[in-house]
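Participant: Sharing a structure below in structure tokens format, with a few things to ask.
Residue numbers (the working numbering): 481 to 769.
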């Protein structure tokens with residue numbers, strides 16, 4: 481703005497030597513600066529935003545046309561792309577939704593419940609602990625004979641980015657009973673013992689016994705190797721868990737590397753919303769070997 485004012489005065493200085501009054505330079509200078517406004521308002525151009533500044537002018541002093549805002553429909557694909565990337569990152573590194581496919585975790589979890597699984601802490605070296613409810617990949621033929629889900633393309637895509645519960649048919653959900661170094665045993669109908677300590681298990685399905693008095697695996701005593709966990713369903717007489725997979729790979733144990741994460745919240749249906757804390761029985765003194 482100052483440069484424009486100086487240029488206007490220098491042009492009238494030359495006319496003074498040809499006999500014109502010097503006072504004529506003043507109105508001309510005001511006209512160049514204010515563009516039809518009074519000189520007092522010109523100094524407030526950048527504050528009020530009501531006048532044209534040098535930054536808004538094109539070559540030769542012409543006023544530039546204001547930039548048109550980008551159309552919403554042009555921005556929509558960008559916003560959708562960002563949302564999809566964020567959803568994929570959250571599903572991969574933070575939290576993922578899973579659907580409960582069976583009754584093996586009743587009454588803690590019902591068939592059709594949706595749970596949110598923490599996938600972040602394992603990235604920092606956290607390993608499953610006794611009492612946690614965890615989701616893990618089938619360590620070897622545990623799901624043999626189970627029906628295979630047949631999701632459509634939309635369900636598969638939404639599951640892939642984490643906007644719908646996983647439709648991966650090779651995932652299971654159970655409660656961790658023993659970790660590496662533990663001795664887990666059960667005789668008759670119970671109680672279930674970890675390192676010689678009997679567990680009080682209020683989460684076991686009403687009417688079930690902590691153990692099953694059968695010769696297929698309901699009675700057992702095992703030592704859990706380091707890097708593995710021993711898991712059982714809360715519906716003890718309706719759960720094909722570590723007990724009944726001792727003839728498979730890993731002898732019923734689940735490698736820690738196959739654990740997807742810990743189920744922390746029942747998210748759906750809304751009337752069953754709640755957290756999944758570790759029961760107090762796993763905090764009793766002397767439980768560690």
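Backbone N, C-alpha and C fix where the C-beta goes; we use that ideal spot for every residue, glycine too.
Everything numeric in this text was worked out from a predicted model, so none of it was measured.
So residue 425 and residue 690 are in contact, right, with Cβ under 8 Å, and what is the actual spacing, rounded?
Facilitator: What the structure shows of the chain is the stretch from 481 to 769, and residue 425 is not part of that stretch, so it cannot be assessed.
Participant: Check whether the region 753-768 touches the region 729-739, counting contact only when three or more Cβ pairs, one atom from each stretch, lie closer than 8 Å.
Facilitator: Contact fails: fewer than three Cβ-Cβ distances are below 8 Å.
Participant: Consult DSSP for residue 715 and reduce its assignment to one of helix, strand or coil.
Facilitator: In this structure, residue 715 counts as coil in the three-state DSSP scheme.
Participant: By Cβ distance below 8 Å, which residues in the same chain neighbour residue 772 in space, the five residues on each side in sequence not counted?
Facilitator: No information on residue 772 is available, as it lies outside the stretch 481 to 769 that the chain covers here.
Participant: Express the C-alpha separation of residue 722 and residue 575 in angstroms, rounding to a whole number.
Facilitator: Approximately 26 Å between the Cα atoms of the pair.
Participant: In or out: residue 770 buried (at least 16 other Cβ within 10 Å) or exposed?
Facilitator: Outside the shown range of the chain, which is 481 to 769, sits residue 770, and nothing can be said about it.
Participant: Give me, in chain order, the residues of the same chain whose beta-carbon lies closer than 8 Å to that of residue 650; leave out the 5 immediate sequence neighbours on both sides.
Facilitator: Correct list, in chain order: 617, 618, 623.
Participant: Are the region 585-604 and the region 747-756 in contact at 8 Å, needing three or more beta carbon pairs?
Facilitator: The answer is yes - the region 747-756 touches the region 585-604, with three or more Cβ pairs under 8 Å.
Participant: Hey, could you find the ends of the beta strand (DSSP E) residue 576 is sitting in?
Facilitator: Unbroken beta strand (DSSP E) run through residue 576: 575-579.
Participant: If contacts are defined as beta-carbon pairs under 8 Å, then residue 739 and residue 614 qualify, I think. What distance do you get, rounded to the angstrom?
Facilitator: Between residue 614 and residue 739 the Cβ distance is about 5 Å, and since that is below 8 Å, they are a contact.
Participant: By the 10 Å Cβ neighbour count, where 16 or more other Cβ atoms means buried, how is residue 608 classified, buried or exposed?
Facilitator: Looking at its Cβ environment, which holds 16 or more other Cβ atoms inside 10 Å, residue 608 is buried.
Participant: Candidates 752, 696, 725: which alpha carbon is nearest residue 587's?
Facilitator: Closest by alpha carbon: 752.
Participant: State buried or exposed for residue 714, treating a residue as buried only when at least 16 other CB atoms are found within 10 Å of its CB.
Facilitator: Buried, by the Cβ-count rule.
Participant: Exposed or buried, what is residue 701 when buried is set at 16 or more other beta-carbons lying within 10 Å of its beta-carbon?
Facilitator: It counts as exposed.
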